[in-house]
Amino acid sequence: MTDCIFCKIVAGEIPSYKIYEDEKYLAFLDIFPTTEGHTLVIPKKHVDWVWDHDNLGEYFEVVGKIARHYREIVGEGVRENIFGWNVLHAHIHIRPRELDSMKAEKLSHEKLVKIQNKFRMS
């Protein structure tokens, strides 16, 4: 989809702070986070809604892998949420620790790189 911001991120047309990537999925930091490490997990192939994905089990396995990785870093309190109203491209939010809640303000490049380095999966 040519006007989809997430498709542009997948294509490399818009920069992102990648946390995880494989041949089918991409996870990157939300630039308007509500917690440190707030991440979006998307299928690379455009699908409007999570429930329209042709392999939900596989998608949720990837989300689970990232959430478990985050739990190792923060110790507890990893939340997953599915919303669908801001960007019409399937995405799942992973939000570590509600204790460090932040206002949803755009973070600086420097702060995003610091968070990316903390949470990135090898």
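Position one of the sequence shown corresponds to residue 1 (full-length UniProt numbering), numbered consecutively onward. Quick reminder that beta carbons are idealized off the backbone N, C-alpha and C, glycines included.
Item                                                                                        : Value
Alpha carbon of G57 to alpha carbon of C4, nearest angstrom                                 : 24 Å
Beta-carbon proximity check, G37 vs P96, cutoff 8 Å                                         : yes
Residue range of the beta strand (DSSP E) that includes V41                                 : T39 to P43
Close beta carbons around P43, own chain, < 7 Å, minus the five adjacent residues each side : K24, Y25, H53, Y59 and A90
Buried/exposed call for T35, threshold 16 Cβ in 10 Å                                        : buried
C-beta atoms of L29 and I19 nearer than 8 Å                                                 : yes
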